[in-house]
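Have a look at the structure below before the remarks.
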Amino acid sequence: SYHLLISRLDLHICDDSQSREPGVSANRLMGGAMQLTFRKMAFDYYPFHWAGDSCKHWVRHCEAMETRGQWAQKLVMEFQSKMEKWHEETGLKPPWHL
Numbered sequence: 098s099y100h101l102l103i104s105r106l107d108l109h110i111c112d113d114s115q116s117r118e119p120g121v122s123a124n125r126l127m128g129g130a131m132q133l134t135f136r137k138m139a140f141d142y143y144p145f146h147w148a149g150d151s152c153k154h155w156v157r158h159c160e161a162m163e164t165r166g167q168w169a170q171k172l173v174m175e176f177q178s179k180m181e182k183w184h185e186e187t188g189l190k191p192p193w194h195l
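So the number in the working numbering is just where the residue sits in the sequence shown, counting from 1, plus 97.
Laid out in structure tokens, this is it:
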């Protein structure tokens, strides 16, 4: 598992082009600018974490991550159920069985 935690991310995009002449391209990149500002950025790496294992040993673990994991698992199960039903109705194999 790889984790990137950013407590705050600011994105500033601006176009400082002053040219308003007719015939000037709408893509005025010459005066454009973009700034990304990161606050309290951290990166964690857990090389031996298996998918579906508990995350409670992670340094920055919170219960919200567990809820997200349960939600994601429910979506996967729902998708698998729909694909099995589709397989039964059509008699065709799903693309990953080709």
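Glycine is no exception: its CB is placed at the ideal position from the N, C-alpha and C atoms.
Using C-beta distances below 6 angstroms, list every residue in its chain close to Ile110, excluding the 5 sequence neighbours before and after it, in chain order.
Met131
Any C-beta of chain C sitting closer than 8 angstroms to the C-beta of Gly128?
Within the model displayed, chain C is absent; a lone protein chain is all it includes.
Quickly, what does DSSP pair Thr134 with across the bridge? List them, please.
Asp107
For Leu106 and Lys137, what's the separation of their Cα atoms in angstroms?
9 angstroms
According to DSSP, is His184 part of a helix, a strand, or is it coil?
helix
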